[in-house]
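Everything on this sheet refers to the single structure shown next.
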Amino acid sequence: MSDHPDATVRGDTDLDVVDAADRQEARVASATRLADIESQPLASRAQAFGGVHDELRAVLEGMTDDIGQGGR
């Protein structure tokens with residue numbers, strides 16, 4: 004936890020200061036994106052899911068915690 008006087012701030016990244024409404028909005032956007040991908044033909048779907056995978060990997064690899072790089 005951070006020593007920040009505002010109890011809602013838990014760290015130094017934007018992800019730590021996002022409020023519940025922003026998180027819900029992100030979930031809805033993700034669900035919509037995944038539903039759109041699911042409606043595509045198989046070849047297009049595979050490519051689109053590959054893009055989602057690459058984006059998520061980039062986010063996770065950019066995160067660190069007390070354990071070390073990438074949480075491992």
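Each position in the sequence shown, counted from 1, maps to that position plus 3 in this note's numbering.
Note that beta-carbon positions come from the ideal geometry of N, C-alpha and C, so glycine has one too.
### Task
Indicate whether I40 and A51 have their beta-carbon atoms separated by less than 9 Å.
yes
### Query
Less than 9 Å separating the beta-carbons of V55 and R36?
yes
### Entirely enclosed beta strand (DSSP E) segments - the stretch 21-48, minimum 3 residues
none
#### Entry: Same chain, Cβ closer than 8 Å to L45, neighbours up to 5 away in sequence not counted
none
### Close beta carbons around G65, own chain, < 7 Å, minus the five adjacent residues each side
none
#### Entry: Rounded straight-line distance, which links the Cα of A61 to that of P43
Position check: residue 43 holds Gln in this sequence, whereas Pro was assumed. Computed Cα separation, rounded: 24 Å.
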